[in-house]
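Asker: All letters in the sequence shown, in the order written, are residues 16 to 270 by the working numbering.
All C-beta atoms, glycine included, are put in the ideal place defined by N, C-alpha and C.
Here the structure is a predicted model, which is why all the values come from computation and not from measurement.
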Amino acid sequence: MPLIQAKNLTLAYDGIPVAVGIDFEVSEGDYLCVVGENGSGKSTLLKAILGLHPIAGGTLEISPEARRAGVGYLPQHTPAQRDFPASVREIVESGCLHHAGRRPFFRCDTKNHVRTALERMGITHLANECYRELSGGQQQRVLLARAYCATGKLIVLDEPIAGLDPIAMQEMYRLIAELNHGGVAVVMVSHDVAAAVGYATHILHVDKETSFFGTTEEYVRSPRGRKFGCMGRWNIPDTRSVLDLRHGDAGGDHT
Ligand code: ADP
């Protein structure tokens, strides 16, 4: 069974549908980008995947394997979150709560997991810093480390690059691609359709009436993809290196 499988899914608030007829699946190693206009239900879909929002119709199945491993979540960044008065280490550790269960103390393997997550995101030197003193790019790397600590299987990211400067944005894309290359399936909401096409294996384009789901190549060739491609001009940086990374030959000579 795929990690996530949705069939004819409807999402609604107070009985009023915001998105209908959504079909998609996410398997091991996939990188799904969820795109669509503002208000089309992208964040609501992520909340439904996390079990935070009830579904109004159809089915949305999360495999037992994904449930066991846990789902890492990077929520949309709000000003209140930016001001959170905790250290970087404390925030990353909080991602391990799912695995800590009822045990009151973090176990040794949890500490190792936190250390690995800090290293992979390049923020070990910030471990004792206060989160709210960090730059936007550093804060997003902390939240990505937290999401990674929650799972080895599936992370769900809600606009992780929103508000970042171009360098921090590229760094986030690289870190997410590396996690994906390491075997973590990614579901990411993004407004950056052009970059989504460069990094994702699959695209879900949600719409109030009909949604598109397919491989990135299928999306680029589809009428909807062509329409958005014209608008975004498919400006895809570093696509080849990301795809090479995915195919395991990132160290090769690309000149
Ligand atoms: P997106 O992430 O694609 O911008 P959302 O999933 O945030 O869209 O919202 C989809 C629609 O649902 C929007 O019209 C939004 O106004 C509405 N909505 C979001 N949250 C709520 C809520 N808590 N109660 C009622 N309507 C909501």
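Would DSSP call Cys164 helix, strand or coil?
Answerer: Taking the first residue of the sequence shown as 1, we reach residue 164 at position 149. In the structure shown, Cys164 sits in a helix (DSSP, three-state: H, G or I).
Asker: Quick check: what's the CA-CA separation for Ala165 versus Cys111?
Answerer: Here the question's residue 165 lines up with position 150 in the sequence shown. Here the question's residue 111 lines up with position 96 in the sequence shown. Cα to Cα, Ala165 sits roughly 5 Å from Cys111.
Asker: Between the segment 166-176 and the segment 135-151, are three or more C-beta pairs nearer than 8 Å?
Answerer: No: fewer than three Cβ pairs fall under 8 Å.
Asker: Since Gln185 is in the alpha helix (DSSP H), which residue starts that stretch and which ends it?
Answerer: Counting from 1 along the sequence shown, the entry for residue 185 is found at position 170. 181-196 is the extent of the alpha helix (DSSP H) around Gln185.
Asker: I want to check one thing, is the minimum distance from the CB of Thr230 to the heavy atoms of the ligand ADP below 6 Å?
Answerer: Your numbering for residue 230 matches position 215 in the sequence shown. Incorrect: Thr230 has no Cβ contact closer than 6 Å to the ligand ADP.
Asker: Mapping DSSP to helix, strand and coil, what is His220?
Answerer: Counting from one through the sequence shown, the residue named residue 220 turns up at place 205. Three-state result, His220: strand.
Asker: Within a Cβ cutoff of 6 Å, which residues of the same chain sit near Ala81, ignoring the five residues on either side of it in sequence?
Answerer: Locating residue 81 in the sequence shown gives position 66, counting from the first residue. Once the five neighbours on either side are set aside, the close Cβ partners of Ala81 are Leu18, Lys168, Leu169.
Asker: Helix, strand or coil for Ser102? Go by DSSP, reduced to three states.
Answerer: Along the sequence shown, one-based indexing puts residue 102 at 87. Ser102 falls in the strand class under three-state DSSP.
Asker: Specify the secondary structure class of Pro32 as computed by DSSP and reduced to three states.
Answerer: Position 17 of the sequence shown, counted from the start, is the residue given in the question as residue 32. Look at Pro32 here: in three-state DSSP terms it is strand.
Asker: Specify, as a first and last residue, the run of the beta strand (DSSP E) that Glu144 falls within.
Answerer: For the purposes of this step, residue 144 is taken as the residue at position 129 of the sequence shown. Counting along the chain, Glu144 falls outside any beta strand (DSSP E), and DSSP gives it neither H nor E.
Asker: Just to confirm my understanding: we take Arg156, look at its own chain, exclude 5 residues before and 5 after, and list those with CB closer than 6 Å. What are they?
Answerer: Counting from 1 along the sequence shown, the entry for residue 156 is found at position 141. Correct list, in chain order: Met136, Ile138.
Asker: Report yes if the C-beta of Tyr28 is less than 6 Å from at least one heavy atom of the ligand FAD; otherwise report no.
Answerer: For the structure depicted, the ligand FAD is absent and the ligand set comprises only the ligand ADP.
Asker: Are at least three pairs of beta-carbons, each pair with one atom in the segment 27-46 and one in the segment 95-108, less than 8 Å apart?
Answerer: no
Asker: Could you tell me how far apart the beta carbons of Leu47 and Leu172 are, in whole angstroms, since I believe they sit closer than 8 Å?
Answerer: Here residue 47 corresponds to residue number 32 of the sequence shown, with the count starting at 1. Here residue 172 corresponds to residue number 157 of the sequence shown, with the count starting at 1. Leu172 and Leu47 do not touch by the CB rule: their CB atoms are close to 10 Å apart, not below 8 Å.
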